[in-house]
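One gets our numbering by counting positions in the sequence shown from 1 and adding 200 to each.
Quick reminder that beta carbons are idealized off the backbone N, C-alpha and C, glycines included.
Report on the following structure.
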Amino acid sequence: MTAKDSDVSSFILPAEGGSTIATLSPQEYYRQVSKPQRRLQWKAWPLITRRLFVETFFNGLMDRGATLSFFTLLTTVPTLTAFYSIVTLVLSHNKEQVTDITNDFISTNVPDNFEDNAHRAISLIIGSTQQSLIALVVSVLFALFSSSAYVRAFSRNANGLYGRAEGRSIVRTWLTMWGLTIALVIGLVMIAIAFFFSQDILQPLLGRFSEPLHIESASAFILDTFLPVWVYVRWPVIFGASIILIALLYHFAPNVRYGRVRWLTSGSVFALVSITAVGLLVRVYWQNFYNVGSYGALGGLIAGFIGLVIANTLLLLGLKLDAEITRARELQAGLDSSVMIVAPPRSEAALQDLVKLEESLKESAETFQKEL
Numbered sequence: 201m202t203a204k205d206s207d208v209s210s211f212i213l214p215a216e217g218g219s220t221i222a223t224l225s226p227q228e229y230y231r232q233v234s235k236p237q238r239r240l241q242w243k244a245w246p247l248i249t250r251r252l253f254v255e256t257f258f259n260g261l262m263d264r265g266a267t268l269s270f271f272t273l274l275t276t277v278p279t280l281t282a283f284y285s286i287v288t289l290v291l292s293h294n295k296e297q298v299t300d301i302t303n304d305f306i307s308t309n310v311p312d313n314f315e316d317n318a319h320r321a322i323s324l325i326i327g328s329t330q331q332s333l334i335a336l337v338v339s340v341l342f343a344l345f346s347s348s349a350y351v352r353a354f355s356r357n358a359n360g361l362y363g364r365a366e367g368r369s370i371v372r373t374w375l376t377m378w379g380l381t382i383a384l385v386i387g388l389v390m391i392a393i394a395f396f397f398s399q400d401i402l403q404p405l406l407g408r409f410s411e412p413l414h415i416e417s418a419s420a421f422i423l424d425t426f427l428p429v430w431v432y433v434r435w436p437v438i439f440g441a442s443i444i445l446i447a448l449l450y451h452f453a454p455n456v457r458y459g460r461v462r463w464l465t466s467g468s469v470f471a472l473v474s475i476t477a478v479g480l481l482v483r484v485y486w487q488n489f490y491n492v493g494s495y496g497a498l499g500g501l502i503a504g505f506i507g508l509v510i511a512n513t514l515l516l517l518g519l520k521l522d523a524e525i526t527r528a529r530e531l532q533a534g535l536d537s538s539v540m541i542v543a544p545p546r547s548e549a550a551l552q553d554l555v556k557l558e559e560s561l562k563e564s565a566e567t568f569q570k571e572l
């Protein structure tokens, strides 16, 4: 897009339909809002808090979180299957170490009542990986497709929280969501590697490749010096990677154009901290109450599902927090944003078709009424 094109005003369509609303061009929005209104006034926070309260308890934010939780469950199983299959394929000469690490992880994090089921599931995955490389490719593709379903659902909810319809064409939307999905999956794989990065995995690999590649000194440094420090450093790295993934999701999912990616926002920090707290609470419940009879196991499953719904709700609430901060900045700049956030869209190419569709439906309804 040229500088001249970027000065052209855009328009948005409210999510519930109606007339289009003109917005500033991206450059003009930066000059009037983003640059001069970076510092939010303290008296804006009561307005932000009130709107977040209304969104949470009156506008069905938890319903949106429950919808995302369904897609989370749809995504988790094939993604874990594909990830574990890739690991067992890459570390084909060290399957015993992978199995031992997996068993230790299950023993530490899975309640006793479900350890046998978890072991059987892992054995089934290992068997399918050993049988066919085609099955591995299919599982990876299915994992990416199911993960993109979550991202697309998040995008629809993000547009709803901004109160606007999707303006990008279906081709552009799908390409954007697939690109975002691949970035998120790669990020989650890196987080998993950071979590499981240990001597049990590295020592067989380094022992196999260090001598042919003449990197014995580097291998010794990694095993003797780096890994003992990594035990304490990995959590800041994991949190940093997580905040980057949330920033990417908040930036590319909605049809809102802010300019450069904002790697650290109030909403992303709130989402990460609150989701971490929910995860810790669910873990404490599992460790203390999961084995209290059959009702304890049932309560543990319910607690896990509730924790998942709350986590997805908090992820959306973090995005809504950023949206309301944007509204407050627009109000400070003198824009009419009391009803609609008027940040420029990424595209309005599909909005004309939506407007025509609404007009066609309206005409059909009027024709039906006249014929009665």
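query	result
Residue 279 Cβ short of 7 Å to the ligand MN heavy atom set	Ligands displayed in this structure: none; no statement on the ligand MN is therefore possible.
Residue environment, residue 433, which counts as buried when at least 16 other CB atoms sit within 10 Å	exposed
Residue 446 burial status per 10 Å Cβ neighbour count (16 or more: buried)	buried
Test item: CB-CB of residue 338 and residue 394 under 8 Å	no
Extent of the continuous alpha helix (DSSP H) to which residue 383 belongs	370-396
Assigned secondary structure, residue 436 (DSSP; H/G/I helix, E/B strand, else coil)	helix
Contact between the stretch 235-255 and the stretch 552-559 (3+ Cβ pairs under 8 Å)	no
First through last residue of the alpha helix (DSSP H) which encompasses residue 256	244-257
Outcome for residue 452 when other beta-carbon atoms lying within 10 angstroms are tallied against a minimum of 16	buried
Pick from 212, 231, 215 that is closest to residue 459, judged by C-alpha positions	231
Alpha-carbon to alpha-carbon, residue 482 and residue 565	50 Å
For residue 375, the nearest candidate out of 351, 435, 535 (CA to CA)	351
Rounded separation between residue 353 and residue 569 - CA only	35 Å
Length of the line joining the Cα atoms of residue 377 and residue 348	6 Å
Contained beta strand (DSSP E) runs [length at least 3] in the stretch 467-552, N- to C-terminal order	none
According to DSSP, residues forming a beta bridge with residue 269	According to DSSP, residue 269 bridges with nothing at all.
Same chain, Cβ closer than 8 Å to residue 331, five either side skipped, listed in chain order	A caution first: residue 331 carries a pLDDT of 49, below 50, which makes its placement in the model unreliable, though a value can still be read off. Excluding positions up to five away in sequence, the list is empty.
Reduced DSSP secondary structure (H/G/I, E/B, other) of residue 213	coil
Local conformation of residue 415 per DSSP, three classes	coil
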